[in-house]
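Residues in the sequence shown are numbered consecutively from 11, following my numbering. Yeah, the Cβ is synthetic: ideal placement off N, Cα and C, and Gly gets one too. Note that the coordinates shown come from a computational prediction; the quantities given were computed from them, not determined experimentally. These notes are about the structure you will find just below.
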Amino acid sequence: MSTVLILGGYGAVGREAAAALTESPGTTVIVAGRNPGRARPVPGTSALRVDAADPADLARALEGVDTVLMCAEIDNARVARACLERGIGYVDVSASAPVLAEIEQLDGLATERGATAALSVGLVPGITNLLARICAGRSAAGDLRIGVLLGSGEQHGPAAIAWTLDGLGRLDGSWTMRFPAPYGERTVHRFPFSDQYTLPATLGVASASTGLCLDSRLTTGLLAAAGRPAVARLLRRPKARALMLKALEKIHLGDDGFAVTVRCGTTRASFSGRLQSRATGRTAALLIRHLPALPPGVRHIEQLVDPIAFLTELATDGFDLHLDHLQEGSHS
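Right, here's the structure in full:
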């Protein structure tokens, strides 16, 4: 028997993870957030009002819990500490490098209390990290190139859109990546996903760069324009930012497909499917199933599981794993 508490569980990722976890016999799933009355119920789960920013409220919510899945960015390191102090497993889907770096500092505490904290658990970071480990292990090259193609037709919440807007223009650079059919070769623009910051340390590679594009070339162009210095400065003004956020919430020019691909030298591996939120939620749920067998400490997903075995298992949920370019000398 196991009890999983999902903080920020009312969003798209939390709902997908909750639905997947209910498929595991003997697992009790509690979906928690500050406004449970606004949430659509997930069959087989219970709802709980929790303000993760309130230490006393969080402490009450952690009673009787075995694992916490963090699907929000609200004092993540403090929440992780509260879990690890109690010997509770902790899984985080954050894509923010500063957030993950702060949690990494809790490794000693996690080891002492015999608890595991799994970071970079989702599509990006997460699946990209596992693909990177596969490619880095089969190539003599020391530089990783990561491409992320997201569906601009998928419905995203205000927080996710705001996070994307904040990341535009923070990093320079663009390059081409080849994605699985039907996408083909696309230009990606460097974006501050956390995988590129953590992978050089976890995999021992010289560098890693992550670029973003959308399935709609028009929407990708608009995002690239929004990242230019002059436009970025304009979007820092509250009124202009509010207008842009409202516009991005309404733009649905593409589909709901996604694809991520990693290249190291001439070695390439990819993963694709529909609904990026579903991919992240299902990745988190699968990792939670593996958690009891994983060693204590704070680690990123690529340090915890066998990448091919994990991705092969994940692909049975309706995704596609592409490992047809794993030999040096193959065409990229």
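Check: G19 in three-state terms, based on DSSP; Outcome: coil
Check: 7 Å Cβ cutoff met for V134 and F203; Outcome: yes
Check: Cβ-Cβ distance between A107 and Y20 below 7 Å; Outcome: no
Check: Complete runs of the beta strand (DSSP E) confined to the segment 184 to 223 [at least 3 residues]; Outcome: 184 to 189, 194 to 200
Check: Bridge partner(s) assigned by DSSP for A150; Outcome: DSSP output for A150 lists no bridge partner at all.
Check: I40, enclosing beta strand (DSSP E) - first and last residue; Outcome: 37 to 43
Check: Contained alpha helix (DSSP H) runs [length at least 4] in the segment 61 to 123, N- to C-terminal order; Outcome: 65 to 71, 86 to 95, 107 to 114, 117 to 123
Check: Inter-residue spacing [alpha-carbon to alpha-carbon] between A325 and T197; Outcome: 26 Å
Check: Residue range of the alpha helix (DSSP H) that includes S130; Outcome: From DSSP, S130 is part of no alpha helix (DSSP H); its letter is neither H nor E.
Check: With 16 other Cβ atoms within 10 Å as the buried cut-off, status of N45; Outcome: exposed
Check: Helix, strand or coil at F320 according to DSSP, with G and I counted as helix; Outcome: helix
Check: Residue from A71, E112, L296, A146 whose Cα sits closest to the Cα of S56; Outcome: A71
Check: C-alpha gap between G74 and P210, whole angstroms; Outcome: 37 Å
Check: Contact the segment 135 to 147 vs the segment 113 to 123: 3+ CB pairs below 8 Å; Outcome: no
Check: Rounded Cβ spacing between G132 and V89 (contact assumed at less than 8 Å); Outcome: Going by Cβ atoms, the distance from G132 to V89 rounds to 17 Å, so no, they are not a contact pair.
Check: Residue burial classification, P305 (beta-carbon count within 10 angstroms, cutoff 16); Outcome: exposed
Check: Test item: CB-CB of L301 and T126 under 7 Å; Outcome: yes
Check: Proximal residues to L331 (C-beta, below 7 Å), its chain only, five neighbours per side dropped; Outcome: F281, L321, T322, A325
Check: Buried/exposed call for A27, threshold 16 Cβ in 10 Å; Outcome: buried
Check: According to DSSP, residues forming a beta bridge with A57; Outcome: V41
Check: Rounded C-alpha distance that separates P190 from A269; Outcome: 7 Å
Check: Three-state secondary structure (DSSP) of L160; Outcome: strand
Check: Sub-7 Å separation of G157 and G221 beta-carbons; Outcome: yes
Check: Cβ neighbour criterion (16 or more within 10 Å) applied to A66; Outcome: exposed
Check: Contiguous beta strand (DSSP E) assignments of at least 3 residues, all confined to the segment 281 to 327; Outcome: 307 to 310
Check: DSSP state of R278 mapped onto helix, strand, coil; Outcome: strand
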